[in-house]
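Comments concern the structure below.
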Amino acid sequence: MAYAKSRCEHYLQLEDNIEAVAAYDRVIFGYITMKQGKDWFVMDFADMGITGTLFSADSLNYMTTALAMYYRFKPVEWILKDILRNQYCNPEMGDKACAQVQFKQKIENWNQSGLMHILDHLVALHFIWIVTIPASRRDLFFEE
Numbered sequence: 001m002a003y004a005k006s007r008c009e010h011y012l013q014l015e016d017n018i019e020a021v022a023a024y025d026r027v028i029f030g031y032i033t034m035k036q037g038k039d040w041f042v043m044d045f046a047d048m049g050i051t052g053t054l055f056s057a058d059s060l061n062y063m064t065t066a067l068a069m070y071y072r073f074k075p076v077e078w079i080l081k082d083i084l085r086n087q088y089c090n091p092e093m094g095d096k097a098c099a100q101v102q103f104k105q106k107i108e109n110w111n112q113s114g115l116m117h118i119l120d121h122l123v124a125l126h127f128i129w130i131v132t133i134p135a136s137r138r139d140l141f142f143e144e
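Residue numbers for the sequence shown follow full-length UniProt numbering, so the first one is 1 and each next one is one higher.
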C-alpha cells in the first residue's frame, strides 16, 4: 500500500485467494469514472472486510500511517472505521449524523460483487477451513 501511493491514482486491496468475474475491472473503472469529481475516501467492491476496498492515491498516505500505528491492536477493518470517524466526524456529532457523513465518503458497491474467495481447502493446526461461494452467486463463476 505504501509502495503504491506515489505510483498510482487508485489502489485496490486484494488477496491471493480472490478471483474476479470476467471483465470486472471495467465495472470498477466505470464506477470510478461515474464518481469522478465527487468527494470520496474509499469504495467497497466486496463484503470481505478490507479486501475489495478501493482507495484513492490521496487517501493512501493517511491510511498507511494509521495502519502502521494500530495494526498490532486492531483488525484492519476497525482501523478503517476509526479513520472514517476521525476524519469526517467531530466529537459533538451524534452517531446518526456521523453515519450519514461517513456514508458519503465510503461508497459501497458490493451488492453485485464480482469478487469472491476461490474454493479453498486449507489444513492448519488440524482444522479444515472450507471457503465456499454462496449459492446465489455461483452462476457468476460456474457455467451450468
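No residue lacks a Cβ here, since even glycine has one placed at the ideal position from N, Cα and C.
Worksheet item: To the nearest angstrom, how far is it from the Cα of Val123 to the Cα of Leu12?
Response: Within the sequence shown, the letter at position 123 stands for residue 123. Within the sequence shown, the letter at position 12 stands for residue 12. The pLDDT assigned to Val123 is 37, lower than 50, so where the model puts this residue is not dependable, and the model offers no usable value.
Practice prompt. With a threshold of 16 other CB atoms inside 10 Å of the CB of Phe33, please say whether the residue is buried or exposed.
Written response: Taking the sequence shown and counting its residues from 1, the one referred to as residue 33 is at position 33. One point to set straight first is that residue 33 is Thr, not Phe, in the sequence displayed. Classification of Thr33: exposed, given that the 10 Å Cβ count is below 16.
Discussion item. At the level of alpha carbons, what is the spacing between Asp120 and Tyr31?
Written reply: Residue 120 sits at position 120 when you count from the first residue of the sequence shown. Residue 31 sits at position 31 when you count from the first residue of the sequence shown. The predicted model places Asp120 with a pLDDT of 40, which falls under 50 and marks its position as unreliable, so this point remains unresolved.
Worksheet entry | Between the CA atoms of Asp16 and Val76 - distance to the nearest angstrom | On the sequence shown, residue 76 is found 76 positions in, with the first residue counted as 1. On the sequence shown, residue 16 is found 16 positions in, with the first residue counted as 1. Approximately 17 Å between the Cα atoms of the pair.
Fill in: alpha helix (DSSP H) segments (min. 4 residues) lying fully within the UniProt domain "MGAT4 conserved region" (1 to 113)
24 to 34, 57 to 70, 76 to 88, 95 to 105
Fill in: Among Gly52, Met63, Met48, Ser6, the one whose alpha carbon lies nearest that of Leu80
For the purposes of this step, residue 80 is identified with residue 80 of the sequence shown, where counting begins at 1. Considering only alpha carbons, the answer is Met63.
Worksheet item: When burial is assigned at 16 or more other CB atoms within 10 Å of the CB, is Phe29 buried or exposed?
Response: As a working mapping, residue 29 is identified with position 29 in the sequence shown. The residue is exposed, with fewer than 16 neighbouring Cβ atoms inside 10 Å.
Practice prompt. Using the Cα positions of Tyr88 and Lys106, report the straight-line distance between them to the nearest angstrom.
Written response: In the sequence shown, the residue the question calls residue 88 occupies position 88. In the sequence shown, the residue the question calls residue 106 occupies position 106. Each residue's alpha carbon lies about 11 Å from the other.
Worksheet item: Alpha carbon to alpha carbon, what distance is there between Ala22 and Asn61?
Response: On the sequence shown, residue 61 is found 61 positions in, with the first residue counted as 1. On the sequence shown, residue 22 is found 22 positions in, with the first residue counted as 1. Looking at the two C-alpha atoms, the distance is approximately 31 Å.
Worksheet item: To the nearest angstrom, how far is it from the Cα of Tyr24 to the Cα of Gly49?
Response: For this step, residue 24 is matched to residue 24 along the sequence shown. For this step, residue 49 is matched to residue 49 along the sequence shown. Between Tyr24 and Gly49, the C-alpha separation is close to 19 Å.
Discussion item. Suppose contacts are defined by Cβ-Cβ distances below 8 Å. Is residue 217 in contact with Val42 by that definition?
Written reply: Outside the displayed span of the chain (1 to 144) sits residue 217, for which this structure offers no information.
Item to complete: Write down the C-beta distance between Phe55 and His10 rounded to the nearest angstrom, noting that I regard them as a contact closer than 8 Å.
Response: Against the sequence shown, residue 55 aligns to sequence position 55. Against the sequence shown, residue 10 aligns to sequence position 10. So it is a contact: roughly 7 Å between Cβ atoms.
Discussion item. On the criterion of 16 or more Cβ atoms from any shown chain inside 10 Å, does Ser59 qualify as buried, or is it exposed?
Written reply: Position 59 of the sequence shown, counted from the start, is the residue given in the question as residue 59. The residue is buried, with at least 16 neighbouring Cβ atoms inside 10 Å.
Fill in: Exposure label - Ala20; buried when at least 16 CB within 10 Å
One-based indexing of the sequence shown puts residue 20 at position 20. So Ala20 counts as buried.
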